[in-house]
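Numbering (my numbering), first residue to last: 207 to 431. Think of the CB as a built atom: it goes at the ideal place given N, C-alpha and C, for glycine as much as any other residue.
The following block contains the structure:
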């Protein structure tokens, strides 16, 4: 009889230790069998959609663009014929002709930046995300060439009587940067100095500058013709 009481006491003591006196041990065991669900990772964000691009370093930087993918219904009247495009291994390398842009992959806006007449060419790639602008031409001359490693996100042509300077936003791998090119005696070349002075010469309107943003998700923008 004493042996039975002793065995019963041992079993009770072991049960108490397993239960930690408050049932937490049983709860821990249940958690091991049914672990709590982990939160789902956030969806990756496309860095080139719904991105506000702001540049404020020089005169030619004084603009804001809300960059989104959309249609190309708002365009000047003189942009009708498509530009050339060449397929290469599943992707299409397109050439942007500033006088004849391809409206299936671009939207074009006539704007003024600090009193300087300008035209914004925004790449939308409506016909497919595998289309990339690799080259920019003007009057048969090469303005910019990116090859296979670089593509143009958008560019702004500044002009007084003809296109004098072009600012280009370039994507290369995971980097995005901008350069400014001028139409010189030896053709189009990179402008690396006195950019404020060169841009200022193109100004045709004086007075107070009104800053605004262009939302390219809209079919019509009040500030653009």
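(message) With a threshold of 8 Å, are at least 3 pairs of Cβ atoms found where one atom belongs to the segment 299–314 and the other to the segment 382–394?
(response) no
(request) Classify residue 398 as helix, strand or coil using the three-state DSSP reduction. (result) coil
(message) Let's see if you can read the secondary structure: which residues bound the beta strand (DSSP E) around residue 368?
(response) Per DSSP, residue 368 belongs to no beta strand (DSSP E) and is neither H nor E.
(message) Suppose contacts are defined by Cβ-Cβ distances below 8 Å. Is residue 324 in contact with residue 379 by that definition?
(response) no
(message) Which of the three DSSP states is assigned to residue 268 in this structure?
(response) Bear in mind that the predicted position of residue 268 carries a pLDDT of just 44, short of 50, making it too unreliable to give a figure here.
(message) What would DSSP say about residue 301, mapped onto helix, strand or coil?
(response) strand
(message) Let me check understanding here. Comparing Cα to Cα, which of 370, 405 and 374 lies closest to residue 321?
(response) 405
(request) Kindly identify the DSSP beta-bridge partner or partners of residue 383. (result) 376
(message) At the level of alpha carbons, what is the spacing between residue 385 and residue 419?
(response) So the two alpha carbons sit approximately 21 Å from each other.
(message) List, from N- to C-terminal side, the beta strand (DSSP E) runs of 3 residues or more that fit wholly inside the segment 300–364.
(response) 312–319, 322–329, 337–344 and 347–351
(request) Determine the closest residue to residue 347 out of 301, 354, 311 and 355, with distance taken between C-alpha atoms. (result) 301
(message) Can you give me the C-alpha to C-alpha distance between residue 371 and residue 326, rounded to a whole angstrom?
(response) 12 Å
(message) I'd like to know whether the C-beta atoms of residue 352 and residue 376 end up nearer to each other than 8 Å.
(response) yes
(request) Would you kindly work out how many angstroms separate the C-alpha atoms of residue 411 and residue 401, rounded to a whole number? (result) Take the alpha-carbon of residue 411 and the one of residue 401: they are about 18 Å apart.
(message) Taking the alpha-carbon of residue 328 as reference, which of 349, 366, 357 and 387 has the nearest alpha-carbon?
(response) 357
(message) Counting C-beta neighbours from all protein chains within 10 Å, is the total for residue 396 16 or more, i.e. buried, or is it exposed?
(response) exposed
(request) Measure from the alpha carbon of residue 367 to the alpha carbon of each residue in 407, 361 and 311, then state which is nearest. (result) 407
(request) For residue 393, write down the residues that DSSP places opposite it in a beta bridge. (result) Looking at the DSSP assignment, residue 393 forms a beta bridge with 390.
(request) Could you tell me the distance, in whole angstroms, from the CA atom of residue 340 to the CA atom of residue 303? (result) Those two C-alpha atoms are separated by around 11 Å.
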